[in-house]
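For reference, the structure discussed in these notes is given below.
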């Protein structure tokens, strides 16, 4: 993706998006009016800093007449459409006529096909213009309706406007993030599968099998397997051949004989099955849970008390009651002829005219029963005919969460996450959109689920960085949840044992209701945490990966038939290959990172880059000096697994990281085995650190706690505390007490001391003091801009220009406490073949900082180098 001179340097154009059409003989981008040939730009919906609004003597708001407009356009309503092209010059609202066959059917949120220059493109209806700005005969009509029902609700479209404003992305990019699979023309239908069924009755099939047993044993095996299955519809061919140890030619031979029939069938579309936990009576609430519920229940009763913004007549641009469905009505609350609001002009008031959004922080220690509060809250909104969304931070959490939810709510639960196939996601989306499944469980993007009457949003483990999207649009699901709740009058519950500093600060300031659970269910104690000084292990001559104390406790737990978790947040075998003679480190040729050693199933080692997936065989000699003293250093989960197998040969050991769980369904399979007690030692990365509730785990060992403490990130202490406290919370959830051993070379570090004491407030006070002094969140706002390109010199020059323009824009706007860092190489200076520099701005006033950023980018736009890309990250979580 590269920027261009005609595009905004702050916006990425997506690969595969057609560039805006250009009129013959002109090098500048054509005007939107010329592109649409009759699609007129809506008034007042863009900011300053756009390119020229007319070329070749045309008015930018004037369309071109097509054919004979006499009488054809008279009285036809006008729709506002955003075309599906991620380019700055066309990221605006265009007007198109609604043809007679679509009057009464076309609604806000529908996907349509429209004429756009010489092409036909897709777009989304985002509103209706009651009084066209130009004569209707100069507009062109919509060509086709792509979907029978709107794919987006009016509330989601307003949410996209908010995202455009908050995250400085294109409006169309925000809309794209919300679209279901297949909405942009991509194929989502599952491939047909071959099924084989008997063409004769089972008794005859068995007789034929006996006849064939001697001369054609594989044909006999297939017939016998089909007869034994008792399935009138037959069996999948792949499964049948595997069971009979046969090949496709065997099926063909039986088909020629007329004994079997082969059919192609499209599999039923549904999300992956997750076994529900056994249903039973509701568990009694603890006194703390009961107190939390008393505070929460009134807000749930008041949720969504106004009109439903996703289905009612007050939605912007939807047909009003009495209009016979005519889409030419005005936006709710706007006088006829009023210009539409600028895209991203903020978040409207809550549906129903409520005052403040009902949002709560549920701060509960691990094992305190937060999930039971979620379940009761969802049941409360379901009883009022509303729906709910529950976000989980990792796909690994989904099977367990879905099992609990289905035990309570049956088949009314839908699942949405990236490990599902597009066809499965589309099936789930349809069930949500029609209201068949009003409870949605999923990862980050599930926040855009089109729940018709949304009453509740739960963000479990709200502190997790996986809620921050690292591609455009770079949104944070927690903030989007709060904005969506304001739009739809819903309640938000942010749950965590280790809340983010920003969220806890909001709760103390009264912006969020603070609900606290300080004790575990059943009065079970929190696990005892022991810090082991690995310097003392080294001095004592102990060179094992595991300290003597951890080894002792592992032996005790395994002898008692209990389970052990070993945590290391680095996958692979070794983390670096170093030449001891000259100091050379084997690095990725495309990224500024060292290659990680991975061990293949064959035992052979391969070097891999975790950013671009470059792979190479480890060299036998040093590429720099030719020496043979190449030695691997550092630990990964593969090395930990190997050491554990050597020390505990009789234990059932399983590793769980991104390498092991790449296959679909692997997360759930490992969780089920571990929950059933068929794994004694589970070794893994952060995907085992949160959410798992396995009573058999009594010991957690943290192999190394020091890595994250020294990252170039102002959140490093907060993240280290959260990760260690979460993984520690996996221990002692059953009747036996839990214990945690943390191996470290910094046992006196205040962050680790806070973990040892389970003292979140100590960590919060430590972080707040440092951030207040520096003006970092929650006491200020940050925007990070990364400048990237194939050559280093133009990237460096462009970053310096950006820093200067940004500094000038802040000064001109008088932004309080605003500052811009000098341009500097990013911590990972080269990534996937691109050189990267970055600039960071901060200010106390977030909206003013965003406006100044927009102005700086606009000032650079006319002369921005074509081969340099700019990525804007508002409220950044990654500083690499």
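Residue numbers (the numbering used here): 748 to 1627. Glycine residues also receive a C-beta, built at the ideal position from the N, C-alpha and C atoms.
Go ahead and pull the three-state DSSP assignment for residue 1417. helix
What is the rounded straight-line gap between the Cα of residue 1265 and the Cα of residue 1047? 23 Å
Would DSSP call residue 1134 helix, strand or coil? strand
Output the distance between the C-alpha atoms of residue 1423 and residue 831, rounded to the nearest integer angstrom. 48 Å
DSSP beta-bridge partners of residue 1384: Beta-bridge pairing links residue 1384 to no other residue.
Please report how far the alpha carbon of residue 1619 lies from the alpha carbon of residue 1454, in whole angstroms. 28 Å
Under the rule that 16 or more other beta-carbon atoms within 10 Å means buried, what is residue 827, buried or exposed? buried
Taking the C-alpha atoms as reference points, what is the distance between residue 890 and residue 847? 11 Å
With DSSP run on the structure shown, which of helix, strand or coil describes residue 1184? coil
Quick check on the DSSP output: what are the complete alpha helix (DSSP H) runs of length 4 or more inside the stretch 1523-1583, in order along the chain? 1539-1560
Beta-carbon within less than 6 Å of residue 1372's beta-carbon, same chain only, minus the 5 sequence neighbours each way: which residues are those? 1328, 1329
Are residue 853 and residue 829 close, meaning C-beta to C-beta below 8 Å? no
Specify whether the stretch 1124-1134 and the stretch 1490-1497 touch according to this definition: at least 3 beta carbon pairs, one from each stretch, less than 8 Å apart. no
Buried versus exposed call for residue 1183 [16 or more other C-beta atoms within 10 Å across all chains shown]: exposed
So, is residue 1136 buried or exposed, given that buried needs 16 or more other C-beta atoms within 10 angstroms? buried
Just to check my reading of the structure: residue 1522 and residue 1603 have Cβ atoms closer than 8 Å, yes? What is that Cβ distance to the nearest angstrom? In fact, because the Cβ distance is near 19 Å, the residues do not count as touching under 8 Å.
Express the C-alpha separation of residue 834 and residue 920 in angstroms, rounding to a whole number. 9 Å
Tell me, to the nearest whole angstrom, how far the beta carbon of residue 1472 is from that of residue 1245; I am working on the premise that it is less than 8 Å. 5 Å
Using the Cα positions of residue 1623 and residue 1030, report the straight-line distance between them to the nearest angstrom. 40 Å
Identify the residues that DSSP records as bridge partners of residue 1379: which are they? 1324
Are the Cβ atoms of residue 1355 and residue 1342 separated by less than 8 Å? yes
4-residue-minimum alpha helix (DSSP H) runs that sit fully inside the stretch 907-973, ordered along the chain: 918-925, 949-959
Using the rule of at least 16 other Cβ atoms within 10 Å of the residue's Cβ for burial, across every protein chain shown, is residue 1158 buried or exposed? exposed
So, helix, strand or coil for residue 1344, using DSSP? strand
Any idea what DSSP makes of residue 1245, helix, strand or coil? coil
Is residue 1468 buried or exposed, if buried means 16 or more other CB atoms sit within 10 Å of its CB? buried
By a C-beta neighbour count over all protein chains shown, 10 Å radius and 16 as the cutoff for buried, is residue 1415 buried or exposed? buried
Own chain partners of residue 1625 with C-beta closer than 7 Å, once the 5 adjacent residues on each side are dropped: 1217
Grouping DSSP H, G and I as helix and E and B as strand, with all else coil, what is residue 993? coil
Within 10 angstroms of its Cβ, does residue 1117 collect 16 or more other Cβ (buried), or is it exposed? buried
Which of helix, strand or coil DSSP assigns to residue 1093: Note that residue 1093 scores a pLDDT of 40, beneath 50, so its modelled location is shaky; the value from the coordinates is reported in the next line. Of the three classes helix, strand and coil, the one that applies to residue 1093 here is coil, per DSSP.
With DSSP collapsed to three states, give me the class of residue 1617. strand
On the DSSP letters alone, give me the boundaries of the beta strand (DSSP E) that residue 826 sits inside. 825-830
Inter-stretch contact (C-beta, 8 Å, three-pair minimum) for the stretch 1437-1444 and the stretch 1460-1467: no
Quick check on residue 1179: buried or exposed, where buried means 16 or more other Cβ atoms within 10 Å of its Cβ? buried
Whether or not the stretch 1190-1204 and the stretch 1596-1610 are in contact is what I'm after, with contact meaning three or more pairs of Cβ atoms, one per stretch, closer than 8 Å; do they touch? no
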